[in-house]
Amino acid sequence: KFYNAQNIVVDPVMVSTSGSKLLKDDAVEALKSCLFHQAILLTPNIPEAGVLTGLSILNEEDMIHAAENISNEFGCAVLLKGGHNINDANDLLYWNHKYRWFIGERIDNKNTHGTGCTLSSAIASFLAKGMDLEKSIQLAKEYISGALRAMLDLGKGSGPLNHMWNI
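Just so we're aligned: 43 in my numbering is position 42 of the sequence shown, and the numbers increase by one with no gaps anywhere.
Rendered as C-alpha coordinates:
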(Lines of atoms letter the chains of each structure in order from A; the text may use other names.)
(Lines give C-alpha, C1' and ligand atoms only; values in the text may rest on other atoms or scores of the structure.)
Protein backbone atom coordinates (compact mmCIF):
# COMPACT_ATOMS: atom_id res chain seq x y z
CA LYS A 2 0.00 0.00 0.00
CA PHE A 3 2.77 2.40 0.97
CA TYR A 4 4.35 2.29 -2.50
CA ASN A 5 1.03 2.16 -4.39
CA ALA A 6 2.34 -0.84 -6.33
CA GLN A 7 0.63 -1.80 -9.57
CA ASN A 8 0.09 -5.19 -11.19
CA ILE A 9 0.71 -7.32 -8.10
CA VAL A 10 0.62 -11.02 -8.99
CA VAL A 11 0.53 -13.42 -6.03
CA ASP A 12 1.35 -17.11 -6.15
CA PRO A 13 0.12 -18.28 -2.72
CA VAL A 14 2.68 -21.13 -2.37
CA MET A 15 0.57 -22.73 0.37
CA VAL A 16 0.50 -26.37 -0.74
CA SER A 17 3.26 -28.25 -2.53
CA THR A 18 2.77 -30.35 -5.64
CA SER A 19 2.97 -33.44 -3.43
CA GLY A 20 0.11 -32.07 -1.29
CA SER A 21 2.14 -30.98 1.75
CA LYS A 22 1.01 -27.84 3.59
CA LEU A 23 3.75 -25.23 3.39
CA LEU A 24 2.16 -22.61 5.67
CA LYS A 25 0.58 -22.65 9.09
CA ASP A 26 -3.06 -21.62 9.31
CA ASP A 27 -2.23 -18.19 10.79
CA ALA A 28 0.12 -17.48 7.87
CA VAL A 29 -2.64 -18.39 5.41
CA GLU A 30 -4.98 -16.00 7.23
CA ALA A 31 -2.34 -13.25 7.03
CA LEU A 32 -2.05 -13.75 3.27
CA LYS A 33 -5.81 -13.61 2.91
CA SER A 34 -6.27 -10.50 5.03
CA CYS A 35 -3.16 -8.50 4.10
CA LEU A 36 -1.92 -9.46 0.65
CA PHE A 37 -4.57 -11.05 -1.54
CA HIS A 38 -6.75 -7.90 -1.64
CA GLN A 39 -3.75 -5.97 -3.04
CA ALA A 40 -3.32 -8.32 -5.99
CA ILE A 41 -4.68 -7.97 -9.50
CA LEU A 42 -4.10 -11.71 -10.00
CA LEU A 43 -3.87 -14.73 -7.70
CA THR A 44 -2.36 -17.92 -9.15
CA PRO A 45 -3.28 -20.84 -6.86
CA ASN A 46 -2.79 -24.44 -7.88
CA ILE A 47 -5.69 -26.86 -7.44
CA PRO A 48 -4.75 -27.94 -3.87
CA GLU A 49 -4.32 -24.27 -2.84
CA ALA A 50 -7.69 -23.37 -4.34
CA GLY A 51 -9.16 -26.22 -2.31
CA VAL A 52 -7.68 -24.75 0.89
CA LEU A 53 -8.93 -21.25 0.03
CA THR A 54 -12.47 -22.37 -0.79
CA GLY A 55 -12.98 -25.56 1.21
CA LEU A 56 -14.07 -27.22 -2.04
CA SER A 57 -12.99 -30.51 -3.52
CA ILE A 58 -11.79 -29.71 -7.04
CA LEU A 59 -12.03 -32.75 -9.28
CA ASN A 60 -12.93 -31.42 -12.74
CA GLU A 61 -13.21 -28.31 -14.91
CA GLU A 62 -16.61 -27.36 -13.50
CA ASP A 63 -15.15 -27.48 -9.97
CA MET A 64 -12.25 -25.31 -11.16
CA ILE A 65 -14.66 -22.67 -12.49
CA HIS A 66 -16.65 -22.67 -9.25
CA ALA A 67 -13.50 -22.40 -7.08
CA ALA A 68 -11.96 -19.63 -9.20
CA GLU A 69 -15.23 -17.69 -9.08
CA ASN A 70 -15.38 -18.00 -5.28
CA ILE A 71 -11.77 -16.83 -4.87
CA SER A 72 -12.25 -13.93 -7.28
CA ASN A 73 -15.40 -12.79 -5.50
CA GLU A 74 -13.78 -13.03 -2.07
CA PHE A 75 -10.62 -11.08 -2.92
CA GLY A 76 -11.79 -8.81 -5.75
CA CYS A 77 -9.14 -9.84 -8.25
CA ALA A 78 -8.58 -12.09 -11.22
CA VAL A 79 -7.73 -15.73 -10.52
CA LEU A 80 -5.59 -18.00 -12.67
CA LEU A 81 -6.33 -21.47 -11.33
CA LYS A 82 -3.41 -23.61 -12.42
CA GLY A 83 -4.42 -27.02 -13.69
CA GLY A 84 -0.94 -28.52 -13.87
CA HIS A 85 -1.96 -31.05 -11.22
CA ASN A 86 -4.27 -32.71 -13.74
CA ILE A 87 -3.02 -35.96 -15.19
CA ASN A 88 -3.74 -35.38 -18.86
CA ASP A 89 -3.10 -31.70 -19.49
CA ALA A 90 -1.81 -28.44 -18.06
CA ASN A 91 -4.85 -26.27 -18.74
CA ASP A 92 -5.21 -23.16 -16.61
CA LEU A 93 -8.41 -21.21 -15.96
CA LEU A 94 -8.56 -17.41 -15.81
CA TYR A 95 -11.64 -16.09 -14.02
CA TRP A 96 -12.31 -12.35 -13.86
CA ASN A 97 -15.36 -10.08 -14.03
CA HIS A 98 -17.79 -13.02 -14.20
CA LYS A 99 -16.05 -14.42 -17.28
CA TYR A 100 -13.64 -17.27 -17.69
CA ARG A 101 -11.09 -18.31 -20.28
CA TRP A 102 -9.13 -21.53 -20.57
CA PHE A 103 -5.43 -21.39 -21.43
CA ILE A 104 -4.67 -24.74 -22.99
CA GLY A 105 -1.35 -26.23 -21.96
CA GLU A 106 0.55 -29.25 -23.11
CA ARG A 107 1.65 -31.76 -20.48
CA ILE A 108 5.42 -32.07 -20.91
CA ASP A 109 6.99 -35.19 -19.44
CA ASN A 110 9.74 -33.71 -17.28
CA LYS A 111 10.48 -34.59 -13.64
CA ASN A 112 12.23 -31.24 -13.13
CA THR A 113 9.25 -29.04 -12.39
CA HIS A 114 10.36 -27.40 -9.14
CA GLY A 115 9.28 -23.76 -9.17
CA THR A 116 6.93 -23.84 -12.14
CA GLY A 117 4.18 -21.96 -10.29
CA CYS A 118 6.52 -19.27 -9.00
CA THR A 119 8.10 -18.92 -12.42
CA LEU A 120 4.69 -18.62 -14.09
CA SER A 121 3.53 -15.85 -11.75
CA SER A 122 6.84 -14.00 -12.12
CA ALA A 123 6.65 -14.24 -15.91
CA ILE A 124 3.07 -12.91 -15.88
CA ALA A 125 4.15 -9.98 -13.69
CA SER A 126 7.08 -9.29 -16.03
CA PHE A 127 4.85 -9.16 -19.11
CA LEU A 128 2.38 -6.92 -17.26
CA ALA A 129 5.28 -4.61 -16.36
CA LYS A 130 6.10 -4.41 -20.08
CA GLY A 131 2.60 -3.03 -20.67
CA MET A 132 0.82 -6.12 -21.95
CA ASP A 133 -2.73 -6.89 -20.89
CA LEU A 134 -3.51 -9.71 -18.48
CA GLU A 135 -4.60 -12.34 -21.02
CA LYS A 136 -1.60 -11.74 -23.32
CA SER A 137 0.72 -11.82 -20.29
CA ILE A 138 -0.68 -15.19 -19.23
CA GLN A 139 -0.41 -16.61 -22.74
CA LEU A 140 3.23 -15.52 -23.11
CA ALA A 141 4.10 -16.73 -19.61
CA LYS A 142 2.64 -20.18 -20.36
CA GLU A 143 4.70 -20.31 -23.57
CA TYR A 144 7.81 -19.41 -21.57
CA ILE A 145 7.10 -22.17 -19.01
CA SER A 146 6.54 -24.72 -21.78
CA GLY A 147 9.89 -23.82 -23.33
CA ALA A 148 11.65 -24.05 -19.97
CA LEU A 149 10.15 -27.51 -19.39
CA ARG A 150 10.99 -28.71 -22.92
CA ALA A 151 14.63 -27.66 -22.38
CA MET A 152 14.93 -30.59 -19.92
CA LEU A 153 17.52 -29.16 -17.53
CA ASP A 154 18.61 -31.92 -15.15
CA LEU A 155 20.38 -30.62 -12.02
CA GLY A 156 20.85 -32.38 -8.72
CA LYS A 157 18.62 -35.15 -7.42
CA GLY A 158 14.85 -35.40 -7.29
CA SER A 159 12.60 -32.74 -8.75
CA GLY A 160 15.01 -30.13 -10.04
CA PRO A 161 14.45 -26.61 -11.38
CA LEU A 162 13.32 -25.43 -14.78
CA ASN A 163 15.79 -24.16 -17.35
CA HIS A 164 15.06 -20.45 -16.96
CA MET A 165 17.73 -19.61 -19.56
CA TRP A 166 16.29 -21.78 -22.34
CA ASN A 167 15.57 -18.91 -24.73
CA ILE A 168 18.78 -16.92 -24.31
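From the three backbone atoms N, C-alpha and C, an ideal C-beta is built for every residue, glycine too.
Residue i lies in the beta strand (DSSP E); which residues open and close that run?
i, result
"PHE103", "99-103"
Residue i: which of the options sits nearest, CA to CA?
i, options, result
"GLY147", "TRP166, ILE58 and CYS35", "TRP166"
"LEU32", "SER19, SER17 and LEU53", "LEU53"
"ALA6", "HIS98, LEU23, LEU36 and ASP12", "LEU36"
"THR116", "CYS77, GLN139, GLY84 and LYS25", "GLY84"
"VAL79", "ALA90, HIS98 and ASP89", "HIS98"
"ALA50", "ASN163, PRO161 and HIS66", "HIS66"
"ILE9", "VAL16, ALA40 and ASP26", "ALA40"
"ALA90", "LEU42, LEU24, PHE3 and ILE47", "ILE47"
"ASP1", "MET132, ASP27, PHE3 and LEU23", "Limits of the chain in this structure are 2 at one end and 168 at the other, which puts residue 1 out of reach."
"CYS77", "LEU120, VAL14, LEU42 and SER34", "LEU42"
"GLY156", "ALA68, ARG150, ASN112 and MET132", "ASN112"
"ILE104", "PRO45, ALA151, ILE168 and GLU135", "GLU135"
"ALA141", "SER17, ALA28, GLY55 and ASP92", "ASP92"
"CYS118", "SER57, VAL14, LEU153 and GLY160", "VAL14"
"GLN139", "LEU59, ALA151, LEU153 and ARG101", "ARG101"
"GLY158", "TYR4, PHE3 and SER19", "SER19"
"THR44", "ALA68, ASN163 and SER34", "ALA68"
Can you tell me whether DSSP reads residue i as helix, strand or coil?
i, result
"ALA78", "strand"
"LYS2", "coil"
"LYS142", "helix"
"HIS66", "helix"
"VAL14", "coil"
"LEU149", "helix"
Check for me: the alpha helix (DSSP H) holding residue i runs from which residue to which?
i, result
"LEU94", "Not the alpha helix (DSSP H): LEU94 falls in the beta strand (DSSP E), residues 92-96."
"CYS35", "That residue, CYS35, is in no alpha helix (DSSP H); it is neither H nor E in DSSP."
"VAL52", "47-54"
Does the structure place the stretch 115-128 close enough to the stretch 60-78 that three or more beta carbon pairs sit under 8 Å?
no
When you compare the stretch 141-156 with the stretch 105-112, are there three or more beta-carbon pairs, one atom per stretch, that lie closer than 8 Å?
yes
Every unbroken alpha helix (DSSP H) within the stretch 104-139, with a cutoff of 4 residues, ordered by chain:
116-129
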